[in-house]
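Here is the structure we will look at.
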Amino acid sequence: MSLAGETALPHPEKAAARQSPPDMGSEFAPLLRAVKEQELLEGRTGWYARTMATNALGLAAVVTGMALIGGSWCVLALAPVLAVLCARTAFIGHDAGHAQISGNRATNRRIGLVHGNLLLGMSYAWWNDKHNRHHANPNHIDKDPDVAADVLVFTSKQAATRTGFRGRLTRHQAWLFFPLTLLEGLALKLYGFQDLRRQTGRERLVEGALLVAHIAGYVTLLLTTMPLAHALVFAALHQALFGLHLGMAFAPNHKGMDMPDPDGEKWGHLRRQVLTSRNVRGGVLTDWFLGGLNYQIEHHLFPSMPRPHLRLAQSMVKAHCRDLGIPYAETGLIDSYRQALRHMHEVGEPLRADSRHSQVRRSR
Numbered sequence: 001m002s003l004a005g006e007t008a009l010p011h012p013e014k015a016a017a018r019q020s021p022p023d024m025g026s027e028f029a030p031l032l033r034a035v036k037e038q039e040l041l042e043g044r045t046g047w048y049a050r051t052m053a054t055n056a057l058g059l060a061a062v063v064t065g066m067a068l069i070g071g072s073w074c075v076l077a078l079a080p081v082l083a084v085l086c087a088r089t090a091f092i093g094h095d096a097g098h099a100q101i102s103g104n105r106a107t108n109r110r111i112g113l114v115h116g117n118l119l120l121g122m123s124y125a126w127w128n129d130k131h132n133r134h135h136a137n138p139n140h141i142d143k144d145p146d147v148a149a150d151v152l153v154f155t156s157k158q159a160a161t162r163t164g165f166r167g168r169l170t171r172h173q174a175w176l177f178f179p180l181t182l183l184e185g186l187a188l189k190l191y192g193f194q195d196l197r198r199q200t201g202r203e204r205l206v207e208g209a210l211l212v213a214h215i216a217g218y219v220t221l222l223l224t225t226m227p228l229a230h231a232l233v234f235a236a237l238h239q240a241l242f243g244l245h246l247g248m249a250f251a252p253n254h255k256g257m258d259m260p261d262p263d264g265e266k267w268g269h270l271r272r273q274v275l276t277s278r279n280v281r282g283g284v285l286t287d288w289f290l291g292g293l294n295y296q297i298e299h300h301l302f303p304s305m306p307r308p309h310l311r312l313a314q315s316m317v318k319a320h321c322r323d324l325g326i327p328y329a330e331t332g333l334i335d336s337y338r339q340a341l342r343h344m345h346e347v348g349e350p351l352r353a354d355s356r357h358s359q360v361r362r363s364r
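Number 356 in full-length UniProt numbering belongs to position 356 of the sequence shown; there are no gaps in the numbering.
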């Protein structure tokens with residue numbers, strides 16, 4: 001895969017070319033009315049009930065399989081299956097966090113706690129807080145936690161501050177991105193336990209108890225269905241593939257897209273969500289594999305829209321953007337990864353150049 005020699009993707013300083021007109025609010029209002037007229041924001045309780053039931057049956061089947069063949073190394077064949085089902089579980093928790101499943105806040109929270117804390121060991125409160133801040137200001141370098149400088153960086157300004165080990169990581173971050181996602185499953189558990197310090201009262205008690213119950217249940221399941229060696233390899237394979245699956249689902253969405261200028265004119269809701277998001281073309285299999293996140297633009301414009309309605313809203317959103325002259329980014333799955341990785345590669349280029357110059361000076 002070539003990551004160099006391509007046209008550069010938008011950086012924060014280039015985003016100013018797409019500023020909103022004075023009547024920012026009116027851009028989104030007609031689209032919102034049209035979506036409401038089509039009842040696309042109405043709930044799909046039956047669809048979600050079937051989805052959750054199917055996922056639960058799949059998880060139960062895998063657990064049964066682990067009990068039946070746990071004494072054989074063949075049990076490792078179930079680890080990828082469990083990883084895929086855990087990703088489905090995460091998608092359900094995601095939809096609950098956006099109030100897509102039920103109009104009742106308490107019901108959504110219960111669904112999120114079961115699918116996040118209990119089944120995955122991932123804090124629902126932590127994820128909900130972080131993800132809502134992302135939705136409010138996607139790709140905003142000062143407000144979106146998903147583009148804050150951490151293991152990866154997303155702007156040349158962030159990269160300029162990296163030295164030592166972090167600098168070496170940034171130089172090669174495009175090549176390391178997918179290998180790093182193999183650790184995401186474990187990282188999500190760690191972030192959840194760390195977030196308990198932020199929580200208070202009953203929320204901390206409930207969240208913490210469910211996180212501990214997940215760890216205890218997961219370890220008990222492994223050790224009671226297979227020998228220790230099998231259990232260690234199974235857990236490593238399952239968690240790595242689960243993290244990779246999540247990385248493949250979230251990577252195409254915003255990386256390499258426009259980043260609002262913190263010091264520039266504020267964008268209205270429509271432009272803030274459309275210009276920072278990328279859709280992924282595909283059919284039923286893509287919808288299933290990415291959990292509906294391939295309709296990232298529609299999801300960001302209407303976070304509470306039930307997942308099966310996103311594809312129905314797409315033609316309306318595309319037509320509305322076309323009428324306003326707003327770019328609507330859509331590409332294939334492989335190309336979405338290429339664009340995201342290319343952006344990360346370009347961000348690390350100044351550090352690679354400095355490294356090359358340093359090597360030349362030392363060789364003289």
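Cβ atoms here follow ideal geometry from the backbone N, Cα and C, with glycine treated the same way.
Burial state of residue i, where buried means 16 or more other Cβ atoms lie within 10 Å
| i | result |
| --- | --- |
| Asp354 | exposed |
| Leu341 | buried |
| Val75 | buried |
| Glu39 | exposed |
| Ile92 | buried |
| Gly348 | buried |
| Lys266 | exposed |
| Pro260 | buried |
| Pro306 | buried |
| Arg197 | exposed |
| Leu210 | buried |
| Ser315 | exposed |
| Ser72 | exposed |
| Ala148 | exposed |
| Gln273 | buried |
| Lys189 | buried |
Beta-ladder partner(s) of residue i, from DSSP
| i | result |
| --- | --- |
| Asn279 | Glu330 |
Coarse secondary structure for residue i, derived from DSSP in three states
| i | result |
| --- | --- |
| Phe289 | helix |
| Ser156 | helix |
| Asn137 | coil |
| Trp267 | coil |
| residue 368 | Beyond the ends of the chain as shown, which are 1 and 364, falls residue 368; an answer cannot be given. |
| Ile101 | coil |
| Gln38 | coil |
| Gly177 | Before going further, note that residue 177 is Phe rather than Gly in the sequence given. Residue state, collapsed to three classes: helix. |
| Thr200 | coil |
| Val284 | helix |
| Phe28 | helix |
| Met257 | coil |
| Ser123 | coil |
| Leu324 | helix |
| Gly46 | helix |
| Arg109 | helix |
> Counting Cβ pairs closer than 8 angstroms, one from the segment 328-340 and one from the segment 236-253, do we hit at least three?
Replying inline: Yes: the two stretches touch, three or more of their Cβ pairs being nearer than 8 angstroms.
> Within the chosen definition, does the segment 206-223 reach the segment 104-123 through at least 3 CB pairs nearer than 8 angstroms?
Replying inline: A contact exists between the segment 206-223 and the segment 104-123.
> Which ranges does the beta strand (DSSP E) cover as unbroken runs of at least 3 residues, wholly within the segment 218-248, from first to last along the chain?
Replying inline: Fully enclosed beta strand (DSSP E) runs of 3 or longer: not present.
>> Pairs of beta-carbons, one from the segment 134-144 and one from the segment 221-232, closer than 8 angstroms: are there three or more?
In response: The segment 134-144, when compared against the segment 221-232, does not touch it at the 8 angstroms Cβ threshold.
>> Taking 8 angstroms as the cut-off, does the segment 268-282 touch the segment 148-167 (at least 3 CB pairs, one atom from each stretch)?
In response: The segment 148-167 vs the segment 268-282: no contact.
> Between the segment 24-35 and the segment 310-329, are three or more C-beta pairs nearer than 8 angstroms?
Replying inline: Taking 8 angstroms as the limit for Cβ pairs, the verdict is that the segment 310-329 does touch the segment 24-35.
> Do the segment 283-296 and the segment 148-159 meet, that is, are 3 or more Cβ pairs less than 8 angstroms apart?
Replying inline: They do not touch, by the three-pair rule.
> Should the segment 75-84 be regarded as contacting the segment 93-103, the criterion being three or more beta carbon pairs within less than 8 angstroms?
Replying inline: Taking 8 angstroms as the limit for Cβ pairs, the verdict is that the segment 93-103 does not touch the segment 75-84.
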